[in-house]
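Notes for the one structure printed next.
Protein chains in written order, with my numbering: chain S, 81 to 556; chain X, 81 to 556.
Structural data, given as structure tokens:
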């Protein structure tokens, strides 16, 4: 039998694990700096917790787990009942297909479930971050996996736009620390989108219009117009939608600069909303401005990345109700590497009403691919162990073990080749493992109580006292 | 709908996550010091990879995942084929129960599968550690979960007993760092157990005898004898088994001290093996001695924990073939908190023969319970955020945001209460979150460019310059 792993899943080799950990721990440090706290939920949720939360398509992509009937009285009872039904119906009944559990599909629904279950113990506003795998039975393809990591932070129980501003800072600081270049954080408001749709007189087709606008990056301006036509918008509706969308795009090359340039566009939109008395649009614009004002106070002047208003930003058919944001990099051709926004009633799904929240997510797999392509990972992540002790056997092995003990006591990651194998074989091992130093401990070294230290990169070899070698290895 | 989580699974609150992370990162640091490298495998494995590896009982406890038929052509084909069979057989055929994937049951089989799949790229001996959850459909009970973490390190491709000695060191150093008291590392050899059984003339009942001896901690000496009788051993067999077992137990209070005391017992066992010409026993004893010799060379003199030979140690019906070890603590009533040993042909299951390995495992959940019961976690893990800025609204909110920015730039984890809520409510929040400091920034502070810093534990409150407050918070 030739072993394999399921389609759409991955093994992570040592260097891949280290690089992924580097991303996760960098983001974690930022979350902690902003007062967010870690949370972990089980991989399995009750099926009832998940179904109906992700739309029809989502429901189909949930991985369901078979009950292990023998171990649950409840299941045994069900099976018995099914048997009786079978007799009544005079046909066999498949009693084995009982699924009550499923694999986590995202981190947001389990978070909402957790908040509702623990509402009486939690301090609100509750700020949590969560970094765990999720599973989706999507058709596997390049960059899309059936098991992948999400990395979210959310705060619930507060309407303050300070939260939105802080999330912008978290994106800034995290991508800055990860040294990813040409990052743009786009921001918009679902309220403004709704207002634009209301203005165009297409509120009855709001979902279709948002879906069409959401495809802009893939199909462009003409493609979006085709979609508008396809869903049955009339000319006047399309003209009004495009008036706002085009106006903003033309005037500012798809973008409105936060720092004052082209603010005319945003003012013009506000005028339109006021003229047409579209309250939700006025509120949306005020929220957007207030968020950016807060951001300006708490931002660090050295952050390199841009914040840009983009009225085309829609964030798909998610549950967002207020400010939305999305992160992209211009350095690599790749979709968004992060996104999020405000949702007004997430915990309402589980019976806890009126708890507004806002959160963002980091696309760990895509961030990994970007950093790999641009060679941004610190070189140190390539190596684990610092030095390999060559094993010459017998008395020399014993001497090597004594040195090994001292290396580890000096906190230097070290290993000995466990057998007195051929010298070449041992060197080859060090090379394959990318261990940067080897130590040769033969008769001379043992008799003189010295070590020979070979730098595997430069090829340099020195005979040193034990203390000298510890010093070099500690400070290199 | 009242939300809940599946039986036998757990949510981990912020402080629980931090404590668990503390255990895992402590152990990880030790693994890395000894040159082990991280590996991660997918949560799902192909069902064929797992079935037949854990015995009949184990197979039943594997969580199987339902295929999502719509998304796989293969499944559609199968369903069609099943339909045709149904017609031929003239009875309905359940085509929906297709399971080809299952959740990881342990970390060892996926590791073996990985080694076989990547045998041409890996540097052997391959040293890896792995810390991931596993799933078992066991009946949930106190301390037994359906999702729990394993934390393993293994090396394959070497017969050297240096590996066994290093694993003893890893146990020593990790439990030392975790400050768990009264730790005992018991060591034995499967070869010695086999020899004892051979000496007693019960080799045809070896599995039953090992199973009985394995229960010693639960049922005691008399209980084990009852088991011997139950499986059909005769008096002479029981006498011979007990001769060795009792002899060793009586002579050394169940234990043989490594440091020379009571070595008479081990010598007596060797004499018996030589007299009876039981080669496997002589080899086993030599391996045990050699392991302890290696250990003596590389051990740190300050380690507090005991290594003890225990010929009763069996480690259940696992695949072990050589040295075995198990860790317990006398400070808390609890089963073993770690265990492992040598296995000679693990990868043989997947077609790669003659690759000997040895590994150990840490029982993370039990270690957590021990540390919690003995109050061993560092107090700092209780808090995340260092300081809460009270929000007095308006101009003062703006001033607070300016201070917040400076706190974070000084790398101090800080947050502002996002709304200008009642003072009491904000203090209550800080208290519930166990945030150690609050900062009060009202009219006076804003006008004088100062801050009022309140230590939440002592109740002390000081008016300070911003720089002074940063200093205090950085160094507390």
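Each residue gets a CB set at the ideal place from its N, CA and C atoms; glycine is no exception.
>> Assuming contact is defined by CB atoms lying nearer than 8 Å, are residue 185 of chain S and residue 121 of chain S in contact in what I supplied?
In response: Annotated as distal: residue 185 of chain S and residue 121 of chain S, with beta-carbon spacing of 8 Å or more.
**OP:** Could you check which residue in S/253, S/316, S/310, S/262 has the C-alpha nearest to that of residue 278 of chain S?
**Re:** Here the closest residue by C-alpha is S/316.
| request: Tell me whether the beta-carbon of residue 496 of chain S lies closer than 8 Å to the beta-carbon of residue 507 of chain S. | output: For residue 496 of chain S and residue 507 of chain S, no; Cβs fall outside 8 Å.
Pull up the distance between the alpha-carbon of residue 106 of chain S and that of residue 440 of chain S, whole angstroms please. Using only the alpha carbons, I get a separation of about 16 Å.
To the nearest angstrom, how far is the alpha carbon of residue 469 of chain X from that of residue 378 of chain S? Taking the straight line joining both Cα atoms gives about 14 Å.
Using 8 Å as the limit for Cβ to Cβ distance, is residue 228 of chain X near chain S?
No, because no Cβ of chain S sits closer than 8 Å to the Cβ of residue 228 of chain X.
Practice prompt. Find the nearest neighbour of residue 300 of chain S within the set S/256, S/462, S/392, judged by alpha-carbon distance.
Written response: When S/256, S/462, S/392 are compared, the shortest CA-CA separation from residue 300 of chain S is found for S/392.
Notebook entry, point to check: So residue 268 of chain X is in the alpha helix (DSSP H); what residue range does that whole segment cover?
Noted result: It is not in any alpha helix (DSSP H) - residue 268 of chain X instead sits in the beta strand (DSSP E) that spans 263 to 269.
*Does the distance from the CB of residue 536 of chain X to the CB of residue 517 of chain X come in under 8 Å?*
Cβ atoms of residue 536 of chain X and residue 517 of chain X: closer than 8 Å.
ask   = Which residue from X/467, X/513, X/98, X/303 puts its Cα closest to that of residue 556 of chain X?
value = Minimum Cα-Cα distance from residue 556 of chain X among the listed residues X/467, X/513, X/98, X/303 corresponds to X/467.
- Query: In chain S, which residues lie with their C-beta within 9 Å of the C-beta of residue 117 of chain X?
  - Reply: By Cβ distance, chain S contributes 93, 94, 95, 97, 98, 464, 465, 513.
Taking residue 188 of chain X as the query, report the chain S residues whose CB atoms sit under 9 Å from its CB, ordered along the chain.
Neighbourhood of residue 188 of chain X in chain S, by CB distance below 9 Å: empty, with the nearest CB roughly 14 Å away.
Practice task
Find out if the Cβ-Cβ distance for the pair residue 93 of chain X, residue 456 of chain S is shorter than 8 Å.
Solution key: With a cutoff of 8 Å on beta-carbon distance, residue 93 of chain X and residue 456 of chain S are scored as not near each other.
Work out the CA separation of residue 251 of chain X and residue 209 of chain X for me, nearest whole Å.
Approximately 14 Å, taken between the alpha carbons.
Exposed or buried, residue 541 of chain S, counting other C-beta atoms within 10 Å across all chains shown (16 or more means buried)?
Residue 541 of chain S comes out exposed.
- If we call anything under 8 Å between Cβ atoms a contact, is residue 365 of chain X one with residue 353 of chain X? In this structure, residue 353 of chain X lies closer than 8 Å to residue 365 of chain X by Cβ.
Rounded separation between residue 412 of chain X and residue 263 of chain X - CA only
Answer to the nearest angstrom: the Cα atoms are 10 Å apart.
**OP:** Less than 8 Å between the CB atoms is what I'm expecting for residue 294 of chain S and residue 394 of chain S, so what's the real figure, rounded?
**Re:** Between residue 394 of chain S and residue 294 of chain S the Cβ distance is about 4 Å, and since that is below 8 Å, they are a contact.
Could you check where the alpha helix (DSSP H) with residue 240 of chain S kicks off and where it finishes?
-> Per DSSP, residue 240 of chain S belongs to no alpha helix (DSSP H) and is neither H nor E.
> Around the Cβ of residue 557 of chain X, are there at least 16 other Cβ atoms within 10 angstroms (buried) or fewer (exposed)?
Replying inline: Any property of residue 557 of chain X remains undetermined from this structure, which presents chain X solely from 81 to 556.
Label residue 410 of chain X either buried or exposed according to how many other C-beta atoms from any shown protein chain fall within 10 Å of its C-beta, with 16 as the threshold for buried.
Looking at its Cβ environment, which holds fewer than 16 other Cβ atoms inside 10 Å, residue 410 of chain X is exposed.
Does the stretch 268 to 284 of chain X come within contact of the stretch 346 to 362 of chain X, defined as at least 3 CB pairs closer than 8 Å? Inter-segment contact for the stretch 268 to 284 of chain X and the stretch 346 to 362 of chain X is present: three or more beta-carbon pairs are separated by less than 8 Å.
State the start and end residues of the unbroken beta strand (DSSP E) segment that holds residue 387 of chain S.
Element bounds for residue 387 of chain S: 386 to 389.
### Message
If I follow the unbroken alpha helix (DSSP H) through residue 129 of chain X, where does it start and stop?
### Response
Its alpha helix (DSSP H) spans residues 127 to 130.
- Query: Would you say residue 302 of chain S faces chain X, with C-beta separation under 8 Å as the test?
  - Reply: Not closer than 8 Å to any Cβ of chain X, the Cβ of residue 302 of chain S fails to qualify, so no.
Item to complete: Helix, strand or coil for residue 97 of chain X, going by three-state DSSP, please let me know.
Response: Reduced to three states, the DSSP call for residue 97 of chain X is helix.
Is the beta carbon of residue 201 of chain X less than 8 Å from the beta carbon of residue 147 of chain X? Taking C-beta atoms as the reference points, residue 201 of chain X and residue 147 of chain X fail to come closer than 8 Å.
(message) From the DSSP secondary-structure annotation, give me the bridge partner or partners of residue 120 of chain X.
(response) Answer by DSSP bridge pairing, in chain order: S/92.
Going along the chain, which residues of its own chain have a beta-carbon closer than 7 Å to the beta-carbon of residue 554 of chain S, five neighbours each way excluded? Around residue 554 of chain S, the same chain offers 490, 492 as residues with beta carbons nearer than 7 Å, after the five sequence neighbours per side are excluded.
Exercise. What does a CB cutoff of less than 8 Å around residue 454 of chain S pick up in its chain, not counting 5 residues either side in sequence?
Worked result: Cβ neighbours of residue 454 of chain S within its own chain (closer than 8 Å, five residues either side excluded): 260, 261, 411, 412.
Going along chain X in order, which residues have a C-beta closer than 7 Å to the C-beta of residue 482 of chain S? Annotation: Cβ neighbours of residue 482 of chain S in chain X (cutoff 7 Å, chain order): 377.
Legend entry - 3-residue-minimum beta strand (DSSP E) runs that sit fully inside the stretch 357 to 416 of chain S, ordered along the chain: Fully enclosed beta strand (DSSP E) runs of 3 or longer: 386 to 389, 403 to 409.
Chain S beta carbons: is any one of them nearer than 8 Å to that of residue 141 of chain X?
At least one chain S Cβ lies under 8 Å of residue 141 of chain X.
Practice task
Determine the chain X residues that contact residue 122 of chain S at a beta-carbon separation under 8 Å, and present them in chain order.
Solution key: Going along chain X in sequence order, the residues near residue 122 of chain S (Cβ under 8 Å) are 85, 86, 89, 90, 91, 227.
Is there a Cβ of chain X sitting closer than 8 Å to that of residue 125 of chain S, yes or no?
Residue 125 of chain S belongs to the set of residues whose beta carbon lies under 8 Å from a beta carbon in chain X.
Check your understanding: When you compare only the Cα positions, how much space is there between residue 341 of chain S and residue 423 of chain S?
Key -> Legend: pLDDT at residue 341 of chain S = 44, less than 50; position of this residue unreliable, value from coordinates given subsequently. Taken atom to atom, the span from the alpha-carbon of residue 341 of chain S to that of residue 423 of chain S is near 30 Å.
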